[in-house]
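The opening residue of the sequence shown carries number 1 in UniProt numbering; numbering runs sequentially from there.
For every residue, glycine included, the Cβ atom is placed at its ideal position computed from N, Cα and C.
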Amino acid sequence: MDLLSPEECLLIAQRTLKEKDKSNLILLDSQLEAGSNELMGYMGEYYKLKLTVEDTADKEKHNLDYFIKSLPRKNEPQRAECERKGVFRKESAIYTEILPNVQKYATKKLFPKCFYSRNDIIVLEDLTQEYRHLKASEGYTLEHYKLVLEHLAEVHAASIAWEEKDQVNICERFKDVLIELHLSMDNSWFTTGLKAIVFLAARHPQYQTEEHQSFINNKLYNLLTKSEELVTPSLTIRNVLCHRDTWDRNIFFRFGSESSALPSACCIVDFQLAKYCSPTLDVLFLLYIVASASLRRVIYEECLDHYHLALQSHLTRLGLDGELITRENFLGECQRTRLAALIIWALTEPQTKMSSSVSNRLRSEEPEKFDYYLNTDRSEMLLRVMKLQPGYEQTIMSPVKELVDYLIENEHLYA
1 MDLLSPEECL
11 LIAQRTLKEK
21 DKSNLILLDS
31 QLEAGSNELM
41 GYMGEYYKLK
51 LTVEDTADKE
61 KHNLDYFIKS
71 LPRKNEPQRA
81 ECERKGVFRK
91 ESAIYTEILP
101 NVQKYATKKL
111 FPKCFYSRND
121 IIVLEDLTQE
131 YRHLKASEGY
141 TLEHYKLVLE
151 HLAEVHAASI
161 AWEEKDQVNI
171 CERFKDVLIE
181 LHLSMDNSWF
191 TTGLKAIVFL
201 AARHPQYQTE
211 EHQSFINNKL
221 YNLLTKSEEL
231 VTPSLTIRNV
241 LCHRDTWDRN
251 IFFRFGSESS
261 ALPSACCIVD
271 FQLAKYCSPT
281 LDVLFLLYIV
291 ASASLRRVIY
301 EECLDHYHLA
311 LQSHLTRLGL
321 DGELITRENF
331 LGECQRTRLA
341 ALIIWALTEP
351 QTKMSSSVSN
361 RLRSEEPEKF
371 DYYLNTDRSE
381 MLLRVMKLQP
391 GYEQTIMSPV
401 KELVDYLIEN
411 EHLYA
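Dropping the structure here:
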């Protein structure tokens, strides 16, 4: 196995079996399996690691399972992009230096344990031993959203507690770690995505009037760049450690039994986009990226209230002021940062709603062209997928229309 040496595998086992005497553990076997195609990430490759170790003192064998995130090894353009952006350096530092300190102020597991990391690899506990994604037949209900919002509230409250109780300023101490890898004009993926939003808006059948086309061609792109300002630390609300990527594939649920209809807990993974910023960005990301637009409109206010009550509850539990973030402050901040949520939805929908068979084929058969699509010009890719995937155009036009309508109505807020 060339991904990890035997010495590294043994170290991982020793860190897992902390109660054992390190000197008594020997590595019997290690097996590495590539993750399924549906687990392929845009910023990495995934593997399952199985280790068999023996404690020579009591002759007891232990079978250990792990989940590995690695820099892309099969796709050179993707690997070069990850290395250029420092994606794995950032996430490794978050898992080893930040998350353990946040976890100590929580009442439940917030994220998977990290057992080993390098600048090109992260070895995590395998959550699938106890948690799972929702099945295709299991849609999100209001109760699912409430559970995830409670989880995010505890992450946010725990990060505040770490700062307050240990006299830590997360923003200052980790300014070189918590860099913006998403909504930044230095990120070619982001600027290419903004151009794709303009391209789609110009095609939208309801925007074919001269007035609409003038707005799209002359004003839209500059207005979209305003989102960069909304993801910097807020001046109007207490900032927290934000996950910033809580979409369906990054949320794992735990169920009491196979027959349980609703989950009892959840856990979040993938911290490449994490930042120190307004807590509303996590709340709005979940409601705009995971919920359908029609469901979001029905549950929106109830979800905002539920999150805020959960946040207050955790702050009080931790001996902090429950009014550190008032309801009025929180709702006002949701209004201020809504544009960022709308833009992220319009940016990500074309990728998340592309069928895995289409995206995996493009990545494996045309890696250079796929990199060009992601980081230079997406218009050809979007047109190709529209032809290959029925309903795709209608799906990705929905966030574009809501975003453009919002900006036409609220242009004065961002001029």
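- The beta carbons of residue 73 and residue 45 sit closer together than 8 Å.
- Excluding the 5 residues flanking it on each side, residue 242 has same chain C-beta neighbours closer than 6 Å at 275, 277, 281 and 282, in chain order.
- Separation of residue 372 and residue 364 (C-alpha to C-alpha, rounded to the nearest whole angstrom) is 14 Å.
- Of the residues 228, 236 and 177, the one whose Cα lies closest to the Cα of residue 194 is 228.
- Taking a contact to require three or more Cβ pairs closer than 8 Å, the segment 104-116 and the segment 153-165 qualify as touching.
- According to DSSP, residue pairing for residue 34 in a beta bridge involves 47.
- The bridge partners DSSP lists for residue 54 are 26 and 61.
- With at least 16 other beta carbons inside 10 angstroms of its own, residue 344 counts as buried.
- Rounded to whole angstroms, the gap between the alpha carbons of residue 56 and residue 23 is 9 Å.
- Of the other Cβ atoms in all chains shown, 16 or more fall within 10 Å of the Cβ of residue 125; this residue is therefore buried.
- A distance below 7 Å between beta-carbons, with the five flanking residues on each side excluded, links residue 147 to the following residues of its chain, in chain order: 263 and 266.
- Each of 151, 167, 316 and 117 was checked against the Cα of residue 303, and the nearest Cα belongs to 151.
- Under the DSSP assignment, residue 159 falls in the alpha helix (DSSP H) whose first and last residues are 142-166.
- Inclusion of residue 231 and residue 183 in the CB contact set at 8 Å is warranted, their separation being smaller than that value.
- Spatial neighbours of residue 76 in its own chain (CB-CB distance under 8 Å, excluding positions within 5 residues in sequence) are listed in chain order as 367.
- Cβ-Cβ separation between residue 352 and residue 189: approximately 14 Å, too far for a contact (criterion under 8 Å).
- The DSSP-derived three-state label of residue 70 is strand.
- Taking residue 168 as the centre and dropping the five residues before and after it, the same chain places the C-beta of 162 closer than 7 Å to its C-beta, in chain order.
- Rounded to the nearest angstrom, the gap between the Cα atoms of residue 85 and residue 407 is 30 Å.
- Checking the DSSP bridge columns, you'll see residue 275 partnered with 242.
- For residue 84, the enclosing alpha helix (DSSP H) has its first and last residue at 76-85.
- In the structure shown, the three-state DSSP call for residue 404 is helix.
- With 16 or more neighbouring CB atoms inside 10 Å of its own CB, residue 81 falls in the buried class.
- Shown here, residue 302 sits in a helix according to DSSP, grouped into three states.
- 88 is the residue among 328, 88 and 394 whose C-alpha sits nearest the C-alpha of residue 179.
- Distances from the CA of residue 250 to each of 166, 297, 312 and 128 were compared; the closest alpha carbon is that of 128.
- Inter-residue distance for residue 235 and residue 171 is about 13 Å (C-alpha atoms, whole angstroms).
- Cβ-Cβ distances below 6 Å link residue 252 to 127, 131 and 267 in the same chain, with the five nearest sequence neighbours on each side left out; the list follows chain order.
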